[in-house]
Every structure is written in C-alpha cells, then in structure tokens.
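A.B. asks: Have a look at this one before I ask anything.
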Amino acid sequence: MKSLFAKYNGDRQQISKCLPRIVKSVVNCYSGNCSDTCRWSITLCNGGIKTSWWNKSINFSSHGLQNGSLKPNKTDKLLIESLLEMKLSQTALNQMQFFSNTTKCESVNRTISTYLPKNKNFSRNAIGRASAAVLKVNNKRDVALAKTLKAVGCGLGRKSRVAVALKKIRKHDIYDCAYQKKFTG
Numbered sequence: 000m001k002s003l004f005a006k007y008n009g010d011r012q013q014i015s016k017c018l019p020r021i022v023k024s025v026v027n028c029y030s031g032n033c034s035d036t037c038r039w040s041i042t043l044c045n046g047g048i049k050t051s052w053w054n055k056s057i058n059f060s061s062h063g064l065q066n067g068s069l070k071p072n073k074t075d076k077l078l079i080e081s082l083l084e085m086k087l088s089q090t091a092l093n094q095m096q097f098f099s100n101t102t103k104c105e106s107v108n109r110t111i112s113t114y115l116p117k118n119k120n121f122s123r124n125a126i127g128r129a130s131a132a133v134l135k136v137n138n139k140r141d142v143a144l145a146k147t148l149k150a151v152g153c154g155l156g157r158k159s160r161v162a163v164a165l166k167k168i169r170k171h172d173i174y175d176c177a178y179q180k181k182f183t184g
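Numbering-wise, the sequence shown is residues 0 to 184 according to the working numbering.
As structure tokens, then:
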C-alpha cells in the first residue's frame, strides 16, 4: 500500500484498479511463477533472478526455501489470496482513509492532550489551542511560530531577534532529529 500511495499520489481509484492484479501476481510469485507478472507490477519483486523476493528474503533463505520450493494447491492459493486481501483489497483501502498509522495518530493525540489537558476546562480558547496543536504537528516549531506571528500581524524582519531565534530553533530541531535517527535507529 505504501508503494501504491507513493506511485499514484494517493489517488484511490487508480490504487483500487491495481489491487486485484497485485494479489494475483503475489500468489503467482509464491507459487514459483515469478516471471512477467512480477516484473511489471508494483509489488517490487521485479521477477529477476537476483531481484526476486525469493533471492532477497532473509526468511526464505534461512529456511532453505528457493523459487519453486513451495507447491501450493488450489486451497493454499485461496488462503494466500484471502490473507493478502486483508491488506490489499477495496475494503482495506476504504479503512485506510488517510493512509495513516498508529504512531501518527498517537503523536497527534499526545500533542492535543498537551495543548488541551482533560483536567482543565477551556471554554473560550479551546478552538485556538486545538488549532495551535494541529499547526505544530503539521509543521516544525519554527514554522508554526512564524505562521502564528504572521497571522496575528507581526511581520518578521530578516535580521530581527525573533528571526535569529527561529533559525536557532530550526538548527536545534535538525540536530535533535539526526541524533534520534542515529542512536535510536
């Protein structure tokens, strides 16, 4: 799904047209018929000798499985199709409206909980606080602050203290992001 969303830029009609072909090509690939169906599909197998799933997969090689090792019968193929359709079907596509994941959702919920804690009642400014949370999630801290200041009518000069501080915040964010990727994988 990730490859499909990237290739078709989230166009659900194009993605839904491709799903049945992908399921069939994956079943054919597992059956040992990894030729033309895989080579030209989005399944990223490519069907070649060195580029197929059979050659690239660590799990297959660790168990001594090679292309053609599995001989699924009709019921096995139906089972593989039904398993694939859990993720690669029209109903699965409809359930993933925004192609989001749990990590993104938890991040948004945590940010909104920070801006709107449940133990306080924000009768007047709840909408503004929620908007600030969404702005922060969708942008970096410095961009969110610059957009907020611009919306209020405070323009930033190029050499102003605020602009210099925003550059420092951006550098700090870039460093933190690189540090997290380096040490947490």
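Cβ atoms here follow ideal geometry from the backbone N, Cα and C, with glycine treated the same way.
Quick caveat, the model's predicted, so the values are computed rather than measured.
Determine whether the beta carbon atoms of Lys136 and Ser106 lie at a separation below 8 Å.
C.D. replies: Residue mapping note: residue 136 aligns to position 137 of the sequence shown, counting from 1. Residue mapping note: residue 106 aligns to position 107 of the sequence shown, counting from 1. The sequence as given places Val at residue 136; Lys does not occur at that position. Contact flag set, yes.
A.B. asks: Helix, strand or coil for Ser2 per DSSP?
C.D. replies: Counting from one through the sequence shown, the residue named residue 2 turns up at place 3. Looking at Ser2 - three-state DSSP - the assignment turns out to be helix.
A.B. asks: Measure the alpha-carbon distance for Asn66 versus Cys176 and round it to whole angstroms.
C.D. replies: Counting from one through the sequence shown, the residue named residue 66 turns up at place 67. Counting from one through the sequence shown, the residue named residue 176 turns up at place 177. Distance between the alpha carbons of Asn66 and Cys176: 41 Å.
A.B. asks: For the alpha helix (DSSP H) that Lys149 lies in, which residues bound it at each end?
C.D. replies: Translated into positions along the sequence shown, residue 149 becomes position 150. Run containing Lys149: 140-151, per the alpha helix (DSSP H) assignment.
A.B. asks: Between the C-alpha atoms of Tyr29 and Leu82, what's the straight-line distance to the nearest angstrom?
C.D. replies: On the sequence shown, position 30 is the one that residue 29 refers to. On the sequence shown, position 83 is the one that residue 82 refers to. Each residue's Cα considered, the two are about 13 Å apart.
A.B. asks: On a CA-only basis, which of Ser68, Gly9, Ile21 is nearest Gly31? Give me that one, please.
C.D. replies: Working through the sequence shown from its first residue, we reach residue 31 at position 32. The shortest C-alpha separation from Gly31 is found at Ser68.
A.B. asks: How about Val26 and Glu84: are their beta carbons less than 8 Å apart?
C.D. replies: Locating residue 26 in the sequence shown gives position 27, counting from the first residue. Locating residue 84 in the sequence shown gives position 85, counting from the first residue. Result no, Cβ atoms of Val26 and Glu84 do not sit closer than 8 Å.
A.B. asks: Using CA atoms only, rank isn't needed, just tell me which of Ser159, Lys180, Gly9, Val142 is closest to Ile168.
C.D. replies: Looking up residue 168 in the sequence shown gives position 169. Ile168 has its Cα closest to that of Val142, out of Ser159, Lys180, Gly9, Val142.
A.B. asks: Secondary structure at Gly156, three-state DSSP: helix, strand or coil?
C.D. replies: What you label residue 156 is simply residue 157 of the sequence shown in a count that begins at 1. Here Gly156 sits in coil by DSSP.
A.B. asks: How about Ser15 and Leu92: do their beta carbons lie closer than 8 Å?
C.D. replies: The count along the sequence shown starts at 1 and reaches residue 15 at position 16. The count along the sequence shown starts at 1 and reaches residue 92 at position 93. Yes; because the gap between Cβ atoms is below 8 Å, this pair is in contact.
A.B. asks: Identify, in the order they occur along the chain, each residue of the same chain with its Cβ nearer than 8 Å to the Cβ of Met95, setting aside the five sequence neighbours on each side.
C.D. replies: Mapped onto the sequence shown, residue 95 falls at position 96. Here the set comprises Met0.
A.B. asks: Straight-line CA distance for Thr102 to Asn8?
C.D. replies: Numbered from 1 along the sequence shown, position 103 holds the residue referred to as residue 102. Numbered from 1 along the sequence shown, position 9 holds the residue referred to as residue 8. Their Cα atoms are separated by approximately 21 Å.
A.B. asks: Buried or exposed: Val163, going by 16 or more other Cβ atoms within 10 Å of its Cβ?
C.D. replies: By 1-based counting over the sequence shown, the position of residue 163 is 164. Val163 should be labelled exposed.
A.B. asks: Leu165 and Ala145 look like a contact to me (Cβ under 8 Å); what is the Cβ gap, rounded to whole Å?
C.D. replies: Here residue 165 refers to the residue found at position 166 of the sequence shown. Here residue 145 refers to the residue found at position 146 of the sequence shown. That pair is a contact at about 6 Å.
A.B. asks: Write down the C-beta distance between Ala129 and Leu148 rounded to the nearest angstrom, noting that I regard them as a contact closer than 8 Å.
C.D. replies: As a working mapping, residue 129 is identified with position 130 in the sequence shown. As a working mapping, residue 148 is identified with position 149 in the sequence shown. No, Ala129 and Leu148 are not in contact; Cβ-Cβ is about 19 Å, not under 8 Å.
A.B. asks: Less than 8 Å between the CB atoms is what I'm expecting for Arg140 and Asp172, so what's the real figure, rounded?
C.D. replies: For the purposes of this step, residue 140 is identified with residue 141 of the sequence shown, where counting begins at 1. For the purposes of this step, residue 172 is identified with residue 173 of the sequence shown, where counting begins at 1. Their Cβ separation, rounded to whole angstroms, is 6 Å, which keeps Arg140 and Asp172 in contact under 8 Å.
A.B. asks: If we call anything under 8 Å between Cβ atoms a contact, is Leu87 one with Ile21?
C.D. replies: If you number the sequence shown from 1, residue 87 lands on position 88. If you number the sequence shown from 1, residue 21 lands on position 22. Yes, the Cβ-Cβ distance between Leu87 and Ile21 is below 8 Å.
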